[in-house]
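**Student:** Per the UniProt record's numbering, the very first residue in the sequence shown carries number 1; after that it's consecutive.
Every residue, glycine too, gets a C-beta built ideally from N, C-alpha and C.
Since we're looking at a predicted model, the values are computed, not measured.
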Amino acid sequence: MIVTVTPAPSLDRTYYADDFTEGRVNRARISEVEASGKGVNVSRALAAAGAPSVAVLPLGGPEGRQLAELLDADDVPYQAIPAGVPTRTNTTLAVTGRSTTKMNAPAPALAAQVWEQLLDTVAGLVGDGDWVLCSGTVPAGADDIPARLVALARAKGARSAVDSSGRALAMALDAGPNLVAPNHLELAEMVGADLSALHPDGGDTYSGEGDLALIEAAAGWAQQLSARTGGAVLATLGASGALYLGPGGRWHGIAPPIVPVNTVGAGDALLAGFLSAAGRPGWTGDAVAEPGGALATAVAWGTAACRMPGTAGDVAALAEPDLVRLSAVRSS
């Protein structure tokens, strides 16, 4: 069982356009509304693949009711915690072959009793060998929630994963999660590295066989982070693939180049693929029995997500893990 916690879920409205000019009226080709939030995206991908998962999330207002209806329509198991405030709405613009731009609404603050009910709900769902994932933005006043979920998982004999940012992430790292899942920008920030030294133009898109300088630098950063937490790091590197570093192995994986349709949710799909593989028999203690295989599944799911509009598709059905190129990462 993989229990995902999304502290600040959202309704995501995405506009798909063939072209876009700033400062002018533009027309979308299509638009969609989806239940979203990083943990929600992970649970949806897992549910579509038939992997056992439950999403735990605070919901409120008409937006929360609509989000719950969308989860029901997608057959995503969930436990809704009454939030007492409306669920937020985010907006995404995806321009074919060019870029994806997302504008996120602020996460509403929630009362203390909402968080206590959420923690009690998670405690009632997880047991020995399960996963607890806390993923996404954490509202103001709740920075301790990811760390408390890490501690809760440990007390229940479950494993913990964190994909967040800011002070909430820093507190969670000190709690020692089994897995941390940053992108390369977040990873550099976590260890105080200067990414601009690799790419002075500030670019964060890489192509071809992968940016070797980025891959080598990220491996060193991941090693620092793993030493801090005592667990594993699963770092996404955009078009340069992903890294797994931790107990059980050190691997880089990259898929053949594609023209992305929409990159929103790709990292969540990648994490879902990894957890789906890591949750199978063979995960013992803090080590993945076959970390390379889990990483190949992860990269394949993330790549498939980039080929699909929105975040609600069955990425596992489109994933091609056999095409992912794996290589061992040297110790630095």
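Within 10 Å of its beta-carbon, does Arg44 have 16 or more other beta-carbons around it, so buried, or fewer, so exposed?
**Tutor:** The residue in question, Arg44, is buried, as its Cβ has 16 or more Cβ neighbours within 10 Å.
**Student:** Report back the beta-carbon spacing between Ser276 and Leu46 to the nearest angstrom; my notes put them in contact at under 8 Å.
**Tutor:** Between Leu46 and Ser276 the Cβ distance is about 6 Å, and since that is below 8 Å, they are a contact.
**Student:** Among Trp131, Pro260 and Ala328, which has the Cα closest to the Cα of Gly246?
**Tutor:** Comparing Cα positions, the closest option is Ala328.
**Student:** Let me know if Ala158 comes out buried or exposed under the rule of 16 or more other beta-carbons within 10 Å of its beta-carbon.
**Tutor:** When all chains shown are included, Ala158 counts as buried.
**Student:** Residue range of the alpha helix (DSSP H) that Gly97 falls in?
**Tutor:** Gly97 -> no alpha helix (DSSP H), and no H or E assigned at all.
**Student:** Please state whether DSSP places Thr229 in a helix, a strand or coil.
**Tutor:** Three-state result, Thr229: helix.
**Student:** Confirm, please, whether the CB-CB distance from Pro177 to Ser196 is below 8 Å.
**Tutor:** No. Outside cutoff.
**Student:** On the criterion of 16 or more Cβ atoms from any shown chain inside 10 Å, does Arg29 qualify as buried, or is it exposed?
**Tutor:** The residue is exposed, with fewer than 16 neighbouring Cβ atoms inside 10 Å.
**Student:** Could you say which of Ala109, Gly267, Gly253 and Asn262 lies nearest to Val180 if we only look at CA atoms?
**Tutor:** Of Ala109, Gly267, Gly253 and Asn262, the residue nearest in Cα terms is Gly267.
**Student:** Between Thr229, Gly230, Ala235 and Arg228, which has its C-alpha nearest residue 383's C-alpha?
**Tutor:** Limits of the chain in this structure are 1 at one end and 332 at the other, which puts residue 383 out of reach.
**Student:** In the DSSP assignment, find the unbroken alpha helix (DSSP H) run with Asp72 in it and report its ends.
**Tutor:** It spans Gly61 to Ala73 - the alpha helix (DSSP H) in which Asp72 sits, taken as one unbroken run.
**Student:** Determine the closest residue to Gly39 out of Val33, Trp221, Val324 and Val76, with distance taken between C-alpha atoms.
**Tutor:** For Gly39, the nearest C-alpha among the options comes from Val76.
**Student:** Grouping DSSP H, G and I as helix and E and B as strand, with all else coil, what is Leu119?
**Tutor:** Correct three-state label for Leu119: helix.
**Student:** Assess, as a yes-or-no matter, whether the region 132 to 142 is touched by the region 287 to 306 under the definition of 3 or more beta carbon pairs within less than 8 Å.
**Tutor:** No, they do not touch.
**Student:** Using 10 angstroms around the beta-carbon of Met103, count the other beta-carbons present and answer buried if the total reaches 16, otherwise exposed.
**Tutor:** By the 10 Å Cβ count, Met103 comes out exposed.
**Student:** If I'm right that Gly265 touches Asn41 with Cβ under 8 Å, what's the distance once you round it to whole angstroms?
**Tutor:** Right, the Cβ-Cβ distance comes to about 5 Å (below 8 Å), so this counts as a contact.
**Student:** Answer yes if the region 85 to 101 comes into contact with the region 117 to 126, meaning at least three C-beta pairs across the two stretches below 8 Å, and no otherwise.
**Tutor:** Judged by Cβ distances under 8 Å, the region 117 to 126 makes no contact with the region 85 to 101, as fewer than three pairs qualify.
**Student:** Looking only at C-alpha atoms, which of Pro257, Val259 and Gly292 sits nearest to Phe274?
**Tutor:** The shortest C-alpha separation from Phe274 is found at Gly292.
**Student:** Look at the Cβ atom of residue 350, then the Cβ atom of Leu70, and state whether they are nearer than 8 Å.
**Tutor:** As displayed, the chain neither begins before 1 nor continues past 332, which places residue 350 out of reach and without an answer.
**Student:** Can the beta-carbon of Leu110 be found less than 8 Å from the beta-carbon of Ala80?
**Tutor:** For Leu110 and Ala80, no; Cβs fall outside 8 Å.
**Student:** Can you tell me whether Gln113 is buried or exposed, with buried defined as 16 or more other CB within 10 angstroms of its CB?
**Tutor:** Per the 10 Å Cβ criterion, exposed.
**Student:** Measure the beta-carbon distance from Ser10 to Ala140 and round it to whole angstroms, keeping in mind my assumption that it falls under 8 Å.
**Tutor:** Their Cβ separation, rounded to whole angstroms, is 16 Å, which puts Ser10 and Ala140 out of contact at 8 Å.
**Student:** Hey, out of Glu22, Leu185, Tyr244 and Ala142, whose CA is closest to Ala107's CA?
**Tutor:** The shortest Cα separation from Ala107 among Glu22, Leu185, Tyr244 and Ala142 belongs to Ala142.
**Student:** With a cut-off of 8 Å on the beta carbons, I'd call Leu173 and Arg228 a contact; round off their distance for me.
**Tutor:** Confirmed, about 6 Å.
**Student:** Excluding five sequence neighbours on each side, which residues of the same chain lie with their C-beta closer than 7 Å to the C-beta of Trp221?
**Tutor:** Result list for Trp221: Leu187, Ala188, Val191 and Ala193, in chain order.
**Student:** Is the Cβ-Cβ distance between Leu225 and Ala242 less than 8 Å?
**Tutor:** No, the pair does not count as a contact, with Cβ atoms beyond the cut-off.
**Student:** Going by alpha carbons, who is nearest to Ala48 out of Ser36, Tyr16, Asp74 and Val3?
**Tutor:** For Ala48, the nearest C-alpha among the options comes from Asp74.
**Student:** Rank Ala305, Val132 and Leu212 by C-alpha distance to the C-alpha of Arg330 and give the top, closest one.
**Tutor:** That would be Leu212, whose Cα lies nearest to the Cα of Arg330.
**Student:** Can you have a look at Asp12 and say buried or exposed, based on whether 16 or more other CB atoms are within 10 angstroms of its CB?
**Tutor:** It is buried - the Cβ of Asp12 has at least 16 other Cβ atoms within 10 Å.
**Student:** Please give me, in chain order, every unbroken run of the beta strand (DSSP E) with length at least 3 that falls completely inside the region 147 to 206.
**Tutor:** Correct list: 159 to 163.
**Student:** Report yes if the C-beta of Gly61 is less than 7 Å from at least one heavy atom of the ligand ADP; otherwise report no.
**Tutor:** This structure lacks the ligand ADP, and indeed carries no ligand of any kind.
**Student:** Using 10 angstroms around the beta-carbon of Ile215, count the other beta-carbons present and answer buried if the total reaches 16, otherwise exposed.
**Tutor:** By the 10 Å Cβ count, Ile215 comes out buried.
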